[in-house]
Structure formats: structure tokens, C-alpha cells
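Asker:
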Amino acid sequence: MKKIWILIVAIASSQLTYSQGKDSTKKTSPPVTITGSVDGYYRYNFNNPKISPYNNLTSFTHSSNSFELGMASLRADHSFGKVSATVDLGFGKRAEEFAYNDANTRLVIKQLYVTYSPSSVIKFTLGTWGTHIGYEVLDPYLNRNYSMSYMFTNGPFSHTGLKADISIGGKSAVMLGISNPNDYRSAPAAPKTFIAQFSTASKNDKLKAYFNFAGGKQNDFKKVIQGDVVATYAVSGKFSIGINGTLQSVKADLDSSGTFKKSIWSGAALYLNYDPATWVGLTLRGEYISDKDLYLGLKNIFAPTLSANFKIDNLIIIPEVRFDKAGTEAFYKNITTSAKSTGSFILAVVYHF
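Everything in the sequence shown is counted per the numbering used here, starting at 44 for the first residue and increasing by one.
1) Could you tell me whether the Cβ atoms of S116 and V81 are closer together than 9 Å?
2) Based on Cα-Cα distance, which residue from T203, A311, G285 lies nearest to Q291?
3) Any idea what DSSP makes of N99, helix, strand or coil?
4) For the beta strand (DSSP E) that contains E330, what are its first and last residues?
5) At a cut of 8 Å, does the segment 385 to 395 reach the segment 84 to 93 through at least three beta carbon pairs?
6) Any idea if K266 is buried or exposed, counting beta-carbon neighbours within 10 angstroms, 16 or more meaning buried?
7) Hey, how far is the Cα of K281 from the Cα of S107?
8) Per the contact definition of three or more C-beta pairs closer than 8 Å, is the segment 134 to 152 in contact with the segment 307 to 325?
9) Using a Cβ-Cβ cut-off of 6 Å (strictly less than) and excluding sequence neighbours within five positions of H395, which residues of its own chain qualify?
10) Compute the beta-carbon to beta-carbon distance between F345 and Y331, rounded to the nearest angstrom, for a pair I have assumed lies under 8 Å.
11) On the CB-based measure, 16 or more other CB atoms within 10 Å of its CB, does Q63 come out buried or exposed?
12) For K166, which residues in the same chain have their Cβ closer than 6 Å to its Cβ, ignoring the five residues on either side in sequence?
13) Express the C-alpha separation of S127 and A382 in angstroms, rounding to a whole number.
14) How big is the Cα-Cα spacing for T371 and K335?
15) Helix or strand or just coil, what does DSSP make of T104?
16) On a Cα-Cα basis, can you pick out the residue from Q240, F237, R328 that is closest to R365?
17) So, under 8 Å CB-CB, K136 and T168 are touching, yes? Tell me the CB distance rounded to an integer number of Å.
18) Please classify N247: is it buried, with 16 or more other beta-carbons within 10 angstroms of its beta-carbon, or exposed?
19) Under the three-state reduction of DSSP, which class applies to V217: helix, strand or coil?
20) Could you tell me the alpha carbon to alpha carbon distance between I77 and T71, rounded to whole angstroms?
21) Assign G220 to one of two classes, buried (16 or more other C-beta atoms within 10 Å of its C-beta) or exposed (fewer than that).
22) In whole angstroms, give me the CA-to-CA distance for F134 and Y314.
In C-alpha cells form, the structure reads like this:
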């Protein structure tokens, strides 16, 4: 009997050791990464017309002489092996304007996608994500100017669909995809938009360039094609340059008569970034829009913007002065008198974690 018990204990011990060894080979799921940001601002338009949109023709800052909440963002990222998922939510006026085609709970979705990388040279993404078009992005902590450019405002905000990012060697890559019409999270039976990007960089990453495209029917009455170029160059550790150029062609049947009118507008912006110290930075944005077909109702516009970025740990304080001069009387001196130009001051705070 004693020998039998010794044999049972030996077998049990060997099974426990095997089980422990087997469990130790299991992959441990990495933790979820949580990041986020909050922002708010005060804007004063020097004409102070007291009529919406308060001489503001770009995104997210439609106010004057008012303290405003921007957006609270919360993002969760998780990856496990070759797959990953991202949920990026936003709450507030900025997020609502970004998701202007949506309603109910879809309003809070900034990005929501899953990725699969079968190899190191290709990655597939399915879901909704911020557009690749343009220099500026939705999240204010990633921009150095708080107010937005006309090119950002009149380009796509997001795409919902399927895309593939493919490395083609060195610092170069291509992205190819198909999506719903621009800015539509849900578009049953709607035409699809083709999206693409070619990106490259110098060996030391000081010079980076992106060639972007998005084109297709938005519906049976409108077709939008846009080409876009972005380049950045780090002149030194304290000084960098960014440029953005875009051209958008729109064919629209405005009165459903079957006759399509073609309109073209284009724009260019230069960003000069100077950081004299780790706690302060200056950015001058100069933007010009050509709108000869009056698709935007501007004819042309020149908008220089000067912003300072004062950094205290994760907090950024942004005082900003902006001037807008249009080829048409697109602004107001007061409720009854229009004007071709206007100026504004913004004081914004942005916190990122």
C-alpha cells in the first residue's frame, strides 16, 4: 500500500510540473494603454459682431467673448501578437462638429478600428480613423496652432472602411484603401471613395513627405476628388518647417436637374516652428486659399496666425493672434455691416495624459 501511495504522489507531482511548464508557455496579454486629453479656450473677435459664427469660418472655435469647452478625449489601445484594436472617444463641441454626419452614440466616436499585420511589411485596418489628408489633426495637443486652417475645415475629417499600409523598403510606404463617402460612418448603398498615400523620408528622418489622395462620389449628386501634399523638415533641434498644399475638385448637381457644375479650390500653408527653450515654442502659420469658382464663397483668403506654446509638464497654454482677409465680404463689422477682413485673439489650454 505504501508503494502505491508513493507511486500516486510521484505521478501527481509529475503532472503538476508538466501543467506548470505548459502554462508558462502561454502568452501573457499586454495591458491596455489609456491616453487622453482635455482642452478649453476663450476667443475674442475684434469686430465682435454678436452674430454666429462670430467671424469664424474654420472648425471648432465658433464663439466670441465667451469661455468655451473644447473636447475631452479618452483613447484605449491594445495589441496582442499580430492584431490590435483602438477605441478613441471624444466628448464636447469639438467632437460633435468632427462627427457632424452622425447622431446618438456614434457622435462620440473619433476613431474605432482593428488592425492585423500578417507580416512586418503589411498591415490591414478595418474601422474608422482620422484622415490622412492635410497637416493638421483633430486633437489639439498634436497641433501648435489652436485655431484650424481652411484646408482642414474643408477637407475630409475621417474615413470608414478598409485600408492596407505597405512598406516598400527603406523609409517609403504606400497606403491603399476603400471607404464610405468622406466623414460618413454609416452609408448603406452609397458609392465608395478610394484613398491612397505615398510617404517617404530621408535617412536621418529630418525630411518627411506625404502625397495624399481621396476621391469618389459622395452621393448621386456630388463627386469630390482631392490631392494633397505635406512635407516637414527639421532644420535644427529648435527650428522646423511644415508645408501643406491641397487641390479639391467638386462636381455637384445642386438643383437635381442632372446638370453638374465643376468647382475647384486650392490652398497652401507654411508653418514655421521655433522652440527657443523646452518650455516655450512659437508657430507662425501663413495660409492662402484660392477660390475662383466661389465654392467656399471666399474668392480668396489670406490668414496668418501666430501662436505661442507655453508648456508646464503636460499642460500647454496657447495665446494666439489671427488675421483673416478674404476676397469677398465674408465677415461682419456688426450685425448689419459686412467686411472683407477680421482679427481674433484666442487663449487656449490643453492637457494631455
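For every residue, glycine included, the Cβ atom is placed at its ideal position computed from N, Cα and C.
Answerer: According to the structure data:
1) yes
2) A311
3) coil
4) 323 to 334
5) yes
6) buried
7) 34 Å
8) no
9) S80, Y184, N357
10) 5 Å
11) Here the model assigns Q63 a pLDDT of 45, short of 50, so the residue's position is not dependable and the matter cannot be decided.
12) T158, S160, D208
13) 51 Å
14) 11 Å
15) coil
16) R328
17) Not really, about 28 Å apart at Cβ, beyond 8 Å.
18) exposed
19) strand
20) 18 Å
21) buried
22) 29 Å
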